[in-house]
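Undergrad: Top line first, the protein sequences correspond to chains A and B.
All you need for our numbering is the position in the first sequence, starting with 1, plus 242.
All you need for our numbering is the position in the second sequence, starting with 1, plus 242.
All C-beta atoms, glycine included, are put in the ideal place defined by N, C-alpha and C.
2 protein chains.
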Amino acid sequence: MRLERDDAAVCWDEVAALFVLVGWSERSAEQLKAASGRSTFKVFAYEGDELIGVARTVDDGQYYASIVDVLVKPSYQGRGIGRALVLDLQERLRDFLQVSLTAAADVRPFYEQLGWRRQTSALLLPRSAEQEASNCEEPRTSD
Amino acid sequence: MRLERDDAAVCWDEVAALFVLVGWSERSAEQLKAASGRSTFKVFAYEGDELIGVARTVDDGQYYASIVDVLVKPSYQGRGIGRALVLDLQERLRDFLQVSLTAAADVRPFYEQLGWRRQTSALLLPRSAEQEASNCEEPRTSD
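(1) Compare the C-beta of Gly-265 (chain A) with all C-beta atoms of chain B and state if any pair is closer than 8 Å.
(2) I'd like to know if Ser-270 (chain A) contacts chain B, where contact means its C-beta is closer than 8 Å to some C-beta of that chain.
(3) Select from B:Leu-356, B:Ala-258, B:Leu-343 the residue whose C-alpha is nearest the C-alpha of Leu-366 (chain B).
(4) Check whether the Cβ atoms of Val-252 (chain B) and Leu-313 (chain B) lie closer than 8 Å to each other.
(5) CA-CA distance, Ala-345 (chain A) and Arg-325 (chain A)?
(6) Any Cβ of chain A within less than 8 Å of the Cβ of Gln-355 (chain B)?
(7) Out of A:Ala-364, A:Gly-357, A:Pro-351, which one is the CA nearest neighbour of Asp-348 (chain B)?
(8) So with CB distances below 9 Å, who are the chain C contacts of Tyr-288 (chain A)?
(9) Who are the near neighbours of Arg-334 (chain A) in its chain, counting only those whose CB is closer than 7 Å to its CB and skipping five residues on each side?
(10) To be precise: take each residue of the region 302-321 of chain B, compare its Cβ to all Cβ atoms of chain A, and keep it if any distance is under 7 Å. Which residues remain?
(11) Check this for me: beta carbons of Ala-276 (chain B) and Leu-245 (chain B), under 8 Å apart or not?
(12) Which bits of chain B does Arg-247 (chain A) rub up against, with CB to CB less than 9 Å?
(13) What's the gap between the Cα of Asp-385 (chain B) and the Cα of Glu-354 (chain A)?
(14) Tell me, please, whether the CB atom of Ala-258 (chain B) is closer than 8 Å to any CB atom in chain A?
(15) Under a CB-based cut-off of 8 Å, is Leu-366 (chain A) close to chain B?
(16) When you compare each of B:Arg-369, B:Leu-329, B:Glu-380 to Val-285 (chain B) by their alpha carbons, which one comes out closest?
(17) Please state the DSSP three-state secondary structure of Lys-275 (chain A).
(18) Taking DSSP's pairing of strands, which residues face Gly-295 (chain B) in a bridge?
Structure below.
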């Protein structure tokens with residue numbers, strides 16, 4: 243496995259296929275390329291010529307950064323590839339003021355091993371009842 | 243009070259002064275301008291020619307966005323300016339997949355009134371013990 247930070251040779255159809263393989267909602271190759279173009283840091287994992295993982299930041303170049311779209315091809319999961327991708331980005335975010343991410347419950351222990359802590363000061367503007375249910379605490383009942 | 247979305251006429255020294263006035267850590271005008279240049283959406287509040295508030299996004303243009311640097315000049319606080327700034331950005335983020343922010347405990351009720359919910363799926367990579375203490379849950383004691 244090798245990590246590649248340059249996206250000049252990336253096949254964006256292959257990235258789009260990865261989203262489908264891991265069961266995330268479908269994205270177009272064109273939009274993925276445009277969004278990635280806005281990321282200061284991105285990293286791609288390859289086994290030979292096969293794209294087996296991706297990760298990138300959403301950031302403003304100096305103060306705030308989030309790590310997003312950490313995906314590893316299902317047949318390659320459990321081999322430390324996600325860890326290598328995240329650590330590669332973490333290293334490059336050392337000078338940022340605030341570094342965060344959103345993680346499903348089942349992968350939180352993975353991030354906690356890499357130094358991440360549950361954030362209690364984050365708020366979300368829910369896009370759907372489903373997103374609210376899986377990412378937010380129970381709304382307070384009005385009384 | 244008027245809102246201005248275009249930053250062509252912004253005096254970045256005035257923005258930097260605002261950070262000092264609200265008691266945030268000092269930032270250079272040059273770096274603030276560069277960071278703001280990475281934001282798809284930004285908004286500035288003016289009373290006459292006086293800059294009295296700012297807010298912007300950190301985003302990738304389509305999927306992920308955070309609202310950051312929401313500042314209102316102390317002498318103008320409590321007049322709905324922060325609310326106007328945040329609502330202006332919220333409106334423009336309607337098509338994004340995930341919209342989040344980080345808020346100190348004392349301003350969370352303000353955001354909750356605008357539709358935000360406490361996010362339980364956020365993780366932070368702490369930059370300092372101080373940042374960890376004010377943004378994260380107590381680390382688990384190892385046993």
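TA: To lay it out plainly:
(1) no
(2) no
(3) Closest option to Leu-366 (chain B), judged by alpha-carbon separation, among B:Leu-356, B:Ala-258, B:Leu-343: B:Leu-343.
(4) no
(5) 14 Å
(6) no
(7) A:Ala-364
(8) The question asks about chain C, but that chain is absent: this structure's protein chains are A and B.
(9) Phe-283
(10) Asp-302, Gly-303, Gln-304, Tyr-305, Tyr-306, Ser-308, Val-310
(11) Against a cut-off of 8 Å, the Cβ pair of Leu-245 (chain B) and Ala-276 (chain B) comes out as no contact.
(12) Ordered by position in chain B, no residue passes the 9 Å Cβ test against Arg-247 (chain A), which lies about 17 Å from the chain.
(13) Note on Asp-385 (chain B): pLDDT 49, under 50, position unreliable in the model; no value is reported.
(14) no
(15) yes
(16) B:Leu-329
(17) helix
(18) Looking at the DSSP assignment, Gly-295 (chain B) forms a beta bridge with B:Ala-287, B:Val-314.
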